[in-house]
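**Q** So the sequences go chain by chain: S and F. The first sequence begins at 3 in this note's numbering and counts up by one. The second sequence begins at 3 in this note's numbering and counts up by one.
Protein chains: 2
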Amino acid sequence: MVTSVSGMQQLARRWARAGSKVGFVPTMGYLHAGHLSLVRRARKAVGVRGKVIVSIYVNPTQFGPREDFSRYPRDLRRDANLCRAAGVDVIFAPRDEEMYPKPGALAFSTYVAEGALSQGMEGRSRPTHFRGVTTVVAKLFNIVQPTIAVFGAKDYQQAAVVQRMVRDLNFPLQIMVAPTHRETDGLAMSSRNKYLEGDLRRQALVLWHAIQEAQRVVKESTETPNAARLKSSLKRLIEAEPAARLDYIEFFDPETLKPARQATRGTHMALAVFVGRTRLIDNARL
Amino acid sequence: MVTSVSGMQQLARRWARAGSKVGFVPTMGYLHAGHLSLVRRARKAVGVRGKVIVSIYVNPTQFGPREDFSRYPRDLRRDANLCRAAGVDVIFAPRDEEMYPKPGALAFSTYVAEGALSQGMEGRSRPTHFRGVTTVVAKLFNIVQPTIAVFGAKDYQQAAVVQRMVRDLNFPLQIMVAPTHRETDGLAMSSRNKYLEGDLRRQALVLWHAIQEAQRVVKESTETPNAARLKSSLKRLIEAEPAARLDYIEFFDPETLKPARQATRGTHMALAVFVGRTRLIDNARL
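(1) Is the beta carbon of M178 (chain S) within less than 6 Å of some heavy atom of the ligand SAM?
(2) Look at L78 (chain F) and L33 (chain F) and say whether their C-beta atoms are less than 7 Å apart.
(3) For the beta strand (DSSP E) containing L282 (chain F), list its first residue and its last residue.
(4) With DSSP as the reference, label L119 (chain F) as helix, strand or coil.
(5) Taking the alpha carbon of G52 (chain S) as the point to measure from, which residue in S:A87, S:S39, S:I150 has its own alpha carbon closest?
(6) Counting contacts by CB-CB distance shorter than 7 Å, is A44 (chain S) in contact with chain F?
(7) Excluding the five sequence neighbours on either side, which residues of its own chain have a C-beta within less than 7 Å of the C-beta of L175 (chain S), listed in chain order?
(8) Please go through the same chain and pick out, in chain order, the residues whose beta-carbon is closer than 8 Å to the beta-carbon of A140 (chain S), but skip the five residues on each side of it.
(9) Got a sec: which bits of the segment 139-164 of chain F sit with their beta carbon under 7 Å from any beta carbon on chain S, in order along the chain?
(10) Nearest to H183 (chain S) by CA position, among S:H37, S:S111, S:R128, is which residue?
(11) My output table needs one value for G154 (chain S): the three-state DSSP class, helix, strand or coil.
(12) What residues from the segment 107-123 of chain S come within 8 Å of chain F, judged by C-beta to C-beta, listed N to C?
(13) Quick one: Cα of D272 (chain S) to Cα of T63 (chain F), how far?
(14) Which one of S:T186, S:K221, S:D284, S:D249 has the shortest CA to CA distance from A265 (chain S)?
(15) For A212 (chain F) versus K156 (chain F), is the C-beta distance shorter than 7 Å?
(16) What residue from S:Q217, S:E199, S:D284, S:S57 has the CA that sits closest to A245 (chain S)'s CA?
(17) Quick one: is M30 (chain F) near chain S, going by C-beta distance under 7 Å?
(18) What residues in its chain sit with their C-beta under 6 Å from that of A18 (chain F), if we drop five residues either side in the sequence?
(19) Would you decide whether T226 (chain F) is buried or exposed? Buried here means 16 or more other CB atoms lie within 10 Å of its CB.
(20) Helix, strand or coil for L175 (chain F), going by three-state DSSP, please let me know.
(21) Can you name the start and end residues of the alpha helix (DSSP H) that G134 (chain F) belongs to?
(22) Taking all protein chains shown into account, decide if E257 (chain F) is buried (16 or more other Cβ within 10 angstroms of its Cβ) or exposed.
(23) Does the beta carbon of V7 (chain S) come closer than 7 Å to any beta carbon on chain F?
(24) When you compare the CB of M167 (chain S) with every CB in chain F, is at least one pair closer than 7 Å?
(25) Rounded to whole angstroms, how far is the Cβ of V27 (chain F) from the Cβ of A44 (chain F), which I believe are closer than 8 Å?
(26) Name the chain F residues that come within less than 8 Å of L171 (chain S), Cβ to Cβ?
(27) Helix, strand or coil: how does DSSP classify M191 (chain F) here?
(28) Identify the contact partners of Q11 (chain S) in chain F, using a Cβ-Cβ distance below 8 Å as the criterion.
(29) Pull out every residue of the segment 249-269 of chain F whose Cβ sits closer than 7 Å to any Cβ of chain S, in chain order.
(30) Can you list, in chain order, the residues of its chain whose CB lies under 8 Å from that of I93 (chain S), leaving out five sequence neighbours each side?
(31) Are there 16 or more other CB atoms within 10 angstroms of the CB of S120 (chain F), so buried, or fewer, so exposed?
(32) What three-state label does DSSP hand L78 (chain S) in the structure shown?
(33) Whole beta strand (DSSP E) runs in the segment 236-265 of chain F with 3 or more residues, listed along the chain?
(34) On the DSSP letters alone, give me the boundaries of the beta strand (DSSP E) that M271 (chain S) sits inside.
(35) If I follow the unbroken alpha helix (DSSP H) through K221 (chain S), where does it start and stop?
(36) Could you name the residues of chain S that G21 (chain F) contacts, counting a contact when the two beta carbons are closer than 8 Å?
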């Protein structure tokens with residue numbers, strides 16, 4: 003485990019010199035099977051002689067003031083064991099003080115912001131979220147200097163925003179987006195599922211059910227479904243669960259993320275739902 | 003000369019693999035002796051076996067809508083000859099279409115912005131200037147992947163903003179700031195000096211005279227000079243030249259760039275003056 007930025011950069015320089023491929027999986031820790039599937043992707047991409055790095059860092063700048071930063075689940079020892087078992091070469095787990103120099107005349111003051119793909123959906127619900135994501139991911143890329151970085155498709159918009167950042171700022175690396183990992187009943191894996199106590203775990207399935215319903219409608223309709231009407235019926239389906247409250251559903255072009263008026267095969271769907279106090283997201287291609 | 007981003011990144015990867023040090027001098031071209039002094043600094047830093055790269059790119063995003071982007075002087079052939087004579091290994095001269103993908107659904111949309119050091123002085127007079135600078139410099143760093151980058155002290159605030167960006171985003175490189183190169187009469191070298199026709203060239207000396215006057219006052223005063231009063235007297239000195247109009251004078255802490263109420267030894271001074279239609283800047287330590 004490496005905790006200092008300079009220590010990680012020294013390793014990165016040594017690997018560049020050796021010509022080693024470096025596969026990187028940035029995480030906020032509290033690892034689950036979804037994360038481990040990203041680790042396997044990274045290993046496959048860099049080969050047995052490549053290096054696989056997992057960063058574990060609950061990034062404060064991507065949480066809003068009323069979000070769950072302080073109670074976000076953390077268990078570094080458990081994460082380290084999971085990484086070791088998965089064949090990870092190095093865990094990078096930096097401290098806040100080094101990542102974001104503290105207030106005062108020399109405080110942290112530079113942000114990376116994407117201004118198009120990050121505007122809707124998560125960006126509308128969480129106004130400073132993506133600026134925090136792109137900033138910390140840019141930092142991590144400069145620290146770890148990977149040849150390839152693997153992101154999960156569960157955060158579809160995040161992956162799109164990061165890919166745009168990599169293209170626009172010319173980061174010398176490739177982004178790979180790996181499929182969403184689901185529990186056997188269909189719930190998308192997320193560290194936040196830990197919050198789902200009692201019946202909330204069952205009610206959380208409504209995101210997956212809404213996706214399946216949209217896929218069924220698109221497949222079976224004789225005429226192309228209108229997006230607004232489909233949204234309304236899915237909202238009713240979702241809010242039939244007593245603890246579920248819809249934040250948004252969106253149908254959009256999978257590349258530009260531009261909202262679609264009609265839901266057809268190939269249209270992408272994403273949604274965010276509060277289940278109790280826990281905000282969950284999911285998405286899929288229709 | 004390399005004009006493609008991918009071509010430059012391939013060279014950078016090869017050099018990293020060989021363990022070569024890479025010294026980088028980003029410029030907007032129309033090179034003068036000041037630029038060439040930065041090239042010598044870069045060479046000295048990386049040694050005879052290192053690589054020295056000069057980028058030549060008139061970056062549109064750092065010009066305001068009413069500024070001199072389209073008439074900024076360009077002469078790539080002359081620049082190439084100067085670089086060759088100065089022992090530069092590679093000139094990187096990218097095209098706009100590749101640096102900033104054009105409007106449309108997939109247009110360029112990611113910016114790097116520093117929010118503290120870039121607020122005053124140049125940032126106040128040119129509101130989007132530093133966002134353009136940090137964005138293009140971040141791009142160039144990701145493309146050229148230097149071990150060291152050399153900036154001129156003539157753009158003092160720019161050098162401070164870039165250093166802050168490098169610290170905040172953890173770019174794996176060192177910034178070197180080289181002293182301002184001056185004509186024998188004291189005028190700071192600048193590609194924009196080309197605009198100074200007829201008597202304007204003589205009047206442009208007033209920036210240097212104002213700096214010298216401030217240095218004299220600080221040295222000779224029995225009590226510490228009040229910054230506001232000193233500004234007023236320097237403004238009178240400057241605007242005694244018929245074509246000169248002061249944009250700003252600032253006295254500030256050289257590290258935090260915070261305005262100083264008093265001008266003492268070690269305080270930094272910067273100023274911007276329109277001489278005719280040409281906007282010139284200069285700065286010095288008092």
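Yeah, the Cβ is synthetic: ideal placement off N, Cα and C, and Gly gets one too.
**A** The structure says:
(1) With respect to the ligand SAM, the structure offers nothing, as it holds no ligand at all.
(2) Not in contact: L78 (chain F) and L33 (chain F) (Cβ atoms no closer than 7 Å).
(3) Residues 280-287.
(4) L119 (chain F) falls in the coil class under three-state DSSP.
(5) For G52 (chain S), the closest C-alpha among the options S:A87, S:S39, S:I150 is that of S:I150.
(6) A44 (chain S) does not count as touching chain F.
(7) Around L175 (chain S): F143, P148, T149, I150, A151, V168.
(8) So the list reads V114, M167, L171, F173, once near-sequence residues are dropped.
(9) Those residues of the segment 139-164 of chain F that come within reach of chain S (Cβ to Cβ, closer than 7 Å) are A140, K141, N144, I145, Q147.
(10) Just measuring C-alpha positions, the residue of S:H37, S:S111, S:R128 sitting nearest H183 (chain S) is S:H37.
(11) DSSP places G154 (chain S) within a strand segment (E or B) once states are collapsed to three.
(12) With the criterion set as a beta carbon lying under 8 Å from some beta carbon of chain F, the members of the segment 107-123 of chain S are A107, L108, A109, F110, S111, T112, Y113, V114, A115, E116, G117, A118, L119, in sequence order.
(13) Residue identity differs from the one stated: residue 272 (chain S) is Ala in this sequence, not Asp. Near 34 Å, if we compare the C-alpha coordinates of T63 (chain F) and A272 (chain S).
(14) When the alpha-carbon of A265 (chain S) is set against those of S:T186, S:K221, S:D284, S:D249, the nearest one is in S:K221.
(15) In this structure, K156 (chain F) does not lie closer than 7 Å to A212 (chain F) by Cβ.
(16) Out of S:Q217, S:E199, S:D284, S:S57, S:E199 has the C-alpha closest to the C-alpha of A245 (chain S).
(17) No, because no Cβ of chain S sits closer than 7 Å to the Cβ of M30 (chain F).
(18) Cβ within range, chain order: n/a, list empty.
(19) Its Cβ having fewer than 16 others within 10 Å, T226 (chain F) is exposed.
(20) Here L175 (chain F) sits in coil by DSSP.
(21) Secondary structure note for G134 (chain F): its alpha helix (DSSP H) is the uninterrupted segment 131-146.
(22) Note on E257 (chain F): under 16 other CB atoms within 10 angstroms of its CB, so exposed under the neighbour-count rule.
(23) Among the residues facing chain F, V7 (chain S) is included, as its CB has a counterpart in that chain under 7 Å away.
(24) It does: the Cβ of M167 (chain S) has a partner Cβ on chain F nearer than 7 Å.
(25) The pair is a contact, with the Cβ atoms about 5 Å apart (cut-off 8 Å).
(26) What L171 (chain S) touches in chain F: T112, V114, T137, A140, K141, N144.
(27) Coil, per DSSP.
(28) Chain F residues near Q11 (chain S): N172, P174.
(29) If you check each beta-carbon in the segment 249-269 of chain F against every beta-carbon of chain S, the ones closer than 7 Å belong to T258, K260.
(30) The residues are M3, V4, I55, V56, S57, I58, D81, A82, C85.
(31) Buried, by the Cβ-count rule.
(32) Note: L78 (chain S) maps to helix in three-state DSSP.
(33) If we require 3 residues or more, the beta strand (DSSP E) runs fully inside the segment 236-265 of chain F come out as 246-254.
(34) Residues 270-277.
(35) In the DSSP assignment, K221 (chain S) falls within the alpha helix (DSSP H) that extends over 208-222.
(36) Result: R19.
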